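A short worksheet on the structure shown next.
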């Protein structure tokens with residue numbers, strides 16, 4: 001059908017996917033993310049069982065584009081709702097009720113609001129999926145040893161091998177210095 | 190409805206530490222606020238109908254309050270608007286028995302709101318030949334009770350197979366989750 005579903009991750013070339021390092025807790029991963037960011041890495045990510053406050057700033061992430069997507073879809077929905085009612089009330093079924101004007105916009109507010117919310121919510125959900133390349137059924141990290149703990153009590157940083165600063169020994173040393181409990185090389189399938 | 194289910198589940202599944210009295214107090218405040226919003230809506234409906242000068246629209250609302258189904262209308266108003274006023278007092282906001290009973294009243298009130306909208310509008314339809322007084326038959330009542338059964342079946346299946354409380358959300362607000370803190374402290378004895 002041509003739909004790009006399910007999505008596949010962007011993977012580096014070659015055998016190695018990169019390094020996966022496990023940290024003890026939220027303060028540990030926060031400090032480690034700042035170190036990795038300051039060392040100049042760009043192709044890396046952190047994996048936590050719950051959202052850690054301030055981690056996107058610690059990772060040096062740019063502001064997300066999702067709010068703009070939601071704003072666009074929400075405003076389109078609201079405008080579409082108002083336009084629909086305008087066309088229906090003024091052109092398609094122009095009924096004069098109690099002498100009220102044809103374009104009685106206060107009566108059009110509920111539908112406009114609801115359609116704005118609906119399209120905004122759909123934009124948020126599908127926009128978030130699209131930005132995260134979801135649904136993504138497979139990722140090389142699933143085959144790493146202890147990665148299953150990422151949904152329980154494990155805090156991980158993964159640095160991918162196509163990062164310009166990636167070097168298996170040097171990067172592993174940096175991660176250990178930053179406080180990693182274990183560091184593992186992850187291979188592409 | 191949420192408060193009804195929450196009070197029961199909290200007791201049945203021993204979730205007192207996760208679902209706290211503070212949650213319930215906040216929900217009581219929400220019930221109070223939404224009850225007053227709904228009361229405002231009822232009042233403004235009357236005002237707009239009167240202000241419109243449209244005798245048919247005026248009749249619709251006067252009929253709701255003083256016609257043959259007035260009993261349903263006033264049950265709706267007392268359950269939705271008047272009874273939540275008890276939640277101005279903290280003593281009642283934090284009392285689980287009061288909360289549970291109140292949530293049942295609100296359920297009844299909301300049911301009657303839908304009844305008023307449907308039955309009252311239909312019993313004075315556009316064609317006067319359709320005007321009649323509707324009484325539910327035995328089978329209507331059974332269908333209603335059946336719908337309660339369906340809902341509770343679905344809820345029991347949910348409680349059995351799906352997580353009732355999102356662990357990730359609980360972890361996020363624990364003190365150990367603060368990235369500028371000391372990390373998680375106590376480990377429960379015997380946990381793996």
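Protein chains in written order, with the numbering used here: chain A, 1 to 189; chain B, 190 to 381. Note that CB positions come from ideal geometry on N, CA and C, so glycine has one too. Keep in mind that this is a model prediction, so the values were computed, not measured.
How would you write the range of the beta strand (DSSP E) that residue 47 of chain A sits in, first residue to last? 44-47 is the span of the beta strand (DSSP E), which, as asked, contains residue 47 of chain A.
Is there a C-beta anywhere in chain A that falls below 8 Å from the one on residue 223 of chain B? No, because no Cβ of chain A sits closer than 8 Å to the Cβ of residue 223 of chain B.
Rounded to whole angstroms, what is the Cα-Cα separation between residue 291 of chain B and residue 272 of chain B? Each residue's CA atom was taken as its position, placing residue 291 of chain B and residue 272 of chain B some 7 Å apart.
What span of residues does the beta strand (DSSP E) with residue 184 of chain A cover, start to end? That run of the beta strand (DSSP E) goes 182-187.
For residue 13 of chain A, which residues from the same chain have a beta carbon less than 8 Å from its beta carbon, with the 5 sequence-adjacent residues on both sides left out? Closer than 8 Å at Cβ, skipping near neighbours: 162.
If we ignore side chains and look at the alpha-carbon of each, how far apart do residue 289 of chain B and residue 127 of chain A end up? Taken atom to atom, the span from the alpha-carbon of residue 289 of chain B to that of residue 127 of chain A is near 39 Å.
Within 9 Å of chain A by C-beta, residues of the stretch 279-313 of chain B in sequence order: Listed in sequence order: no entries.
Find out if the Cβ-Cβ distance for the pair residue 368 of chain B, residue 54 of chain A is shorter than 8 Å. It is a contact, given that the beta carbons lie within the stated cut-off.
Any beta carbon from chain B within less than 8 Å of residue 54 of chain A's own beta carbon? Using a CB distance cut-off of 8 Å, residue 54 of chain A counts as an interface residue toward chain B.
Excluding sequence positions up to five away, which residues of its chain have a Cβ less than 7 Å from the Cβ of residue 194 of chain B? The beta carbon of residue 194 of chain B sits closer than 7 Å to the beta carbons of 344 from its chain, once the five residues preceding and following it are set aside; these are given in chain order.
Does the beta-carbon distance from residue 309 of chain B to residue 258 of chain B come in below 8 Å? Closer than 8 Å, so yes.
Give the residues of chain E in contact with residue 373 of chain B, contact being defined as C-beta atoms less than 7 Å apart. Among the chains of the structure shown, chain E does not appear; the protein chains present are A and B.
Going along chain A, which residues have a C-beta under 7 Å from residue 361 of chain B? Residues of chain A passing the Cβ test: 50 and 51.
Please list, in chain order, the chain A residues whose beta carbon lies closer than 8 Å to that of residue 230 of chain B. Per Cβ cutoff of 8 Å: no residues; residue 230 of chain B is ~12 Å from chain A at best.
State the start and end residues of the unbroken alpha helix (DSSP H) segment that holds residue 28 of chain A. Taken as a continuous stretch (DSSP letters only), the alpha helix (DSSP H) holding residue 28 of chain A covers 26-38.
Neighbour flag for residue 98 of chain A against chain B, beta carbons, 8 Å: Interface with chain B (8 Å Cβ-Cβ cutoff): residue 98 of chain A is included.
Taking only the alpha-carbon atoms, compute the straight-line gap between residue 366 of chain B and residue 327 of chain B and give it to the nearest angstrom. Distance between the alpha carbons of residue 366 of chain B and residue 327 of chain B is about 56 Å.
Which residues in chain A have a C-beta closer than 9 Å to the C-beta of residue 243 of chain B? List them in chain order. Within 9 Å Cβ-Cβ: 97 and 98.
With distance defined between alpha-carbon atoms, name the residue in A:71, A:30 and A:185 nearest to residue 123 of chain A. Ranking the options by Cα distance to residue 123 of chain A, first place goes to A:71.
Give the residues of chain A in contact with residue 367 of chain B, contact being defined as C-beta atoms less than 8 Å apart. Per Cβ cutoff of 8 Å: 26, 27 and 53.
Strictly below 7 Å CB to CB, what residues from chain A border residue 206 of chain B? Neighbours of residue 206 of chain B on chain A: none; closest Cβ ~18 Å, over 7 Å.
Can you check whether the CB of residue 158 of chain A is closer than 8 Å to the CB of residue 22 of chain A? Against a cut-off of 8 Å, the Cβ pair of residue 158 of chain A and residue 22 of chain A comes out as no contact.
Length at least 4, wholly inside the stretch 58-97 of chain A: the alpha helix (DSSP H) runs in chain order: DSSP assignment within the stretch 58-97 of chain A yields the following whole alpha helix (DSSP H) runs of 4 residues or more, N-terminal first: 66-86.
How big is the Cα-Cα spacing for residue 1 of chain A and residue 74 of chain A? Confidence in residue 1 of chain A is poor, its pLDDT being 49 and thus under 50, which makes the residue's placement unreliable; the coordinate value appears in the next sentence. Spanning the two alpha carbons is a distance of roughly 28 Å.
Can you pull out the residues from the stretch 342-357 of chain B whose beta carbon lies closer than 7 Å to at least one beta carbon of chain A? Contact residues of the stretch 342-357 of chain B toward chain A are 357 (C-beta to C-beta distance below 7 Å).
Can you check DSSP and say which residues form a bridge with residue 216 of chain B? In the DSSP assignment, residue 216 of chain B forms no beta bridge with any residue.
Going by alpha carbons, who is nearest to residue 167 of chain A out of A:40, A:133, A:189 and A:7? Checking every option, the nearest Cα to that of residue 167 of chain A belongs to A:40.
To which residues does DSSP link residue 372 of chain B through a beta bridge? Answer by DSSP bridge pairing: none, since residue 372 of chain B is not bridged.
Got a sec? Which residues, its chain only, sit under 6 Å from residue 65 of chain A by beta carbon, not counting five neighbours each side? Same-chain partners within the cutoff: there are none.
How would you call residue 155 of chain A, buried or exposed, if buried means at least 16 neighbouring beta carbons within 10 angstroms? Label assigned to residue 155 of chain A: buried.
Residue 157 of chain A - DSSP class collapsed to helix/strand/coil: Taken through DSSP and simplified to helix, strand or coil, residue 157 of chain A comes out as strand.
I'd like to check one pair, residue 19 of chain A with residue 171 of chain A: are the Cβ atoms closer than 8 Å? Against a cut-off of 8 Å, the Cβ pair of residue 19 of chain A and residue 171 of chain A comes out as a contact.
I'd like the ranges of any beta strand (DSSP E) spanning at least 3 consecutive residues and lying wholly in the stretch 100-169 of chain A. As far as the stretch 100-169 of chain A is concerned, its whole beta strand (DSSP E) runs of at least 3 residues are 155-160.
Please classify residue 136 of chain A as buried or exposed, where buried requires at least 16 neighbouring CB atoms within 10 angstroms. Flag for residue 136 of chain A reads exposed.
Checking contacts by CB at 8 Å: is residue 370 of chain B closer than that to chain A? For residue 370 of chain B, the answer is yes, since a Cβ of chain A falls inside 8 Å of its Cβ.
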